[in-house]
Amino acid sequence: MQNVYFNHDGNVDDLVSLLLLLQTPDIHLTGVGVVGADSYAEPAAAASRKIIDLFGDPQQPLSVAVSDSRPVHQFPQNWRLSAYSFDNFPVLNERGHVTTPQASAPAHLDLIDKLQATPGKTTLVMTGPLTDLARALAIDPTITDKIDKLYWMGGTMNNQGNVGEPDQDGTMEWNAFWDPEAVKTVWDSPLDIVMIGLESTDQIPLTAERRQHWASLRKYPAMELIGYGYSLVMAFEADSTYYLWDVLTTLTSRYPEIVTSKVVHGDVLTTGHGAGRTFLTPNGRPITLVTQVDQAQFDAHFDALAKSATRNF
46 MQNVYFNHDG
56 NVDDLVSLLL
66 LLQTPDIHLT
76 GVGVVGADSY
86 AEPAAAASRK
96 IIDLFGDPQQ
106 PLSVAVSDSR
116 PVHQFPQNWR
126 LSAYSFDNFP
136 VLNERGHVTT
146 PQASAPAHLD
156 LIDKLQATPG
166 KTTLVMTGPL
176 TDLARALAID
186 PTITDKIDKL
196 YWMGGTMNNQ
206 GNVGEPDQDG
216 TMEWNAFWDP
226 EAVKTVWDSP
236 LDIVMIGLES
246 TDQIPLTAER
256 RQHWASLRKY
266 PAMELIGYGY
276 SLVMAFEADS
286 TYYLWDVLTT
296 LTSRYPEIVT
306 SKVVHGDVLT
316 TGHGAGRTFL
326 TPNGRPITLV
336 TQVDQAQFDA
346 HFDALAKSAT
356 RNF
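Add 45 to the 1-based position in the sequence shown for the working numbering, that's all there is to it.
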């Protein structure tokens, strides 16, 4: 049984990742943390709690920790609003109350508590900025002994980022750009890091064909929720594309055979117009970088997990 702690930043792809994690066999989901990066934390945490109510295992009680971490560079506001719509879906609000509790501690402290209280080691799956982990490491560096591996959706090693903000050079990815110092803190730790960056996530775009495929499977309750969720995200800017960044990261953590990886050495820039840029350098720390995705295997695991979900009420 694989212990997993999931820290996400609340957009549609994160919430779908949580839903799929709840269906993944042979894992013990020990905790969930939500940071208001590509979302607003309150509705993202509320939606997470409702997803756990609806599709979680009642025999594995969970709480959802809300992060009080703050950005160096904030995501665009219009990207972050999807969490409000997702949280208001009727299927998540049918009962009129929420059973899954909010954790008493903020997410970085909840992470420490869950790691130290869980027997054995835990795999971290993080699909947002690394701030909560960096803060946890500053408080209790011994948690590295409790972490088996970190799977992080963030960064890119090809200098082709997705940040188009003023006074930035466009080489960085948003989760790294949100808090470059946090990336540096985590990279300076001894953690075993698997990086799922833009060079691999760009291979899983949200296409019209993928939307239609989900629509054809809407008789499955989780697949219907997934379809509604992704209907909220269209091209935010001209010529932009939405990708299944976080789902790829989540599935890779349990099914590493769906990707091809290689060990590289890298570092992160924390200042200047390239702040948040992750880059290759012979003097950098070793990173397992995902480079290729087997799309057929990705889709097969995605569909199997979504179809297996049953509603609790």
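Ideal Cβ positions, reconstructed from N, Cα and C, are used throughout, including at glycine.
{"Item": "What first and last residue would you give for the beta strand (DSSP E) that runs through Leu169?", "Value": "Thr167 to Met171"}
{"Item": "Could you tell me which residues DSSP pairs with Met240 in its beta bridges?", "Value": "Trp197 and Leu334"}
{"Item": "Does the separation of the CB atoms of Val309 and Leu325 fall below 9 Å?", "Value": "yes"}
{"Item": "From what residue to what residue does the alpha helix (DSSP H) around Asp58 run?", "Value": "Val57 to Gln68"}
{"Item": "Which value, in whole angstroms, describes the spacing of the CA atoms of Leu243 and Asp71?", "Value": "28 Å"}
{"Item": "Could you have a look at Asp312 and say whether DSSP puts it in helix, strand or coil?", "Value": "strand"}
{"Item": "Taking all protein chains shown into account, do 16 or more other C-beta atoms lie within 10 angstroms of the C-beta of Asn133, making it buried, or fewer, making it exposed?", "Value": "exposed"}
{"Item": "Once DSSP output is grouped into helix, strand and coil, what is the label at Pro146?", "Value": "coil"}
{"Item": "Using only the alpha-carbon positions, how far apart do Phe358 and Trp290 sit?", "Value": "30 Å"}
{"Item": "Indicate the three-state DSSP secondary structure (helix, strand or coil) for Val231 in the structure shown.", "Value": "helix"}
{"Item": "Which term fits Ser84, buried or exposed, when burial requires 16 or more other beta carbons within 10 angstroms of its beta carbon?", "Value": "buried"}
{"Item": "According to DSSP, which residues form a beta bridge with Thr323?", "Value": "Val313"}
{"Item": "Which residues bound the beta strand (DSSP E) around Gly78?", "Value": "Ile72 to Val79"}
{"Item": "I need the straight-line Cα distance from Thr168 to Glu139, nearest angstrom please.", "Value": "33 Å"}
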